[in-house]
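Numbering (UniProt numbering), first residue to last: 1 to 128.
Quick look at the structure:
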């Protein structure tokens, strides 16, 4: 059975002892930088984002190849092969979209964490 708790000497578990500090502004800046990294992968600024989901859907289409393969009458496995390739491509695009969604969610959580630390710092300093 895998252990679900970190070791007692794991750095950061006791912030005071380990000297851990949190800078909400730096955390928010990291989230902002991650958002900028995500933009071209999502296809924002079309035409200059090779490898984006939009680029892959547009230029990575296998429709013409699959139509040709399906038209070969004497190849019995052609239809099954074309179906498999088509299904695999769609599964890959679906996984790609899920990765982008999860990346965006992670960025939102980092931003939320920055806000939490900002409120906590203000409270600790007597500003709230």
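For every residue, glycine included, the Cβ atom is placed at its ideal position computed from N, Cα and C. Remember, predicted model here, so these are calculated numbers, not experimental data.
Residue i to residue j, Cα distance in whole Å?
i: residue 201; j: residue 52; result: Given that the chain is displayed from residue 1 to residue 128, the structure contains no residue 201 and the question cannot be resolved.
i: residue 1; j: residue 109; result: Here residue 1 scores only 46 on pLDDT, less than 50, and its place in the model is too uncertain to base an answer on.
i: residue 70; j: residue 77; result: 9 Å
i: residue 95; j: residue 64; result: 23 Å
i: residue 25; j: residue 97; result: 29 Å
i: residue 105; j: residue 74; result: 49 Å
i: residue 91; j: residue 44; result: 22 Å
i: residue 99; j: residue 50; result: 17 Å
i: residue 57; j: residue 93; result: 8 Å
Within its chain, find whatever has a CB closer than 8 Å to the CB of residue i; leave out the 5 residues flanking it on each side and keep chain order.
i: residue 66; result: 82, 85, 86
i: residue 107; result: 31, 34, 35, 38
i: residue 60; result: 89
i: residue 62; result: 85, 86, 89
Kindly indicate which three-state DSSP category residue i falls into: helix, strand or coil?
i: residue 9; result: coil
i: residue 105; result: helix
i: residue 23; result: coil
i: residue 77; result: coil
i: residue 36; result: helix
i: residue 44; result: coil
i: residue 50; result: coil
i: residue 100; result: helix
i: residue 94; result: helix
i: residue 62; result: coil
For residue i, collect the residues of the same chain with a Cβ closer than 7 Å to its Cβ; drop the 5 residues on either side in sequence, then sort them by chain order.
i: residue 27; result: 110, 113, 114, 117
i: residue 79; result: 70
i: residue 29; result: none
i: residue 22; result: 117
For the alpha helix (DSSP H) that contains residue i, what are its first and last residues?
i: residue 73; result: Per DSSP, residue 73 belongs to no alpha helix (DSSP H) and is neither H nor E.
i: residue 58; result: 53–59
Please go through the same chain and pick out, in chain order, the residues whose beta-carbon is closer than 6 Å to the beta-carbon of residue i, but skip the five residues on each side of it.
i: residue 8; result: none
i: residue 4; result: none
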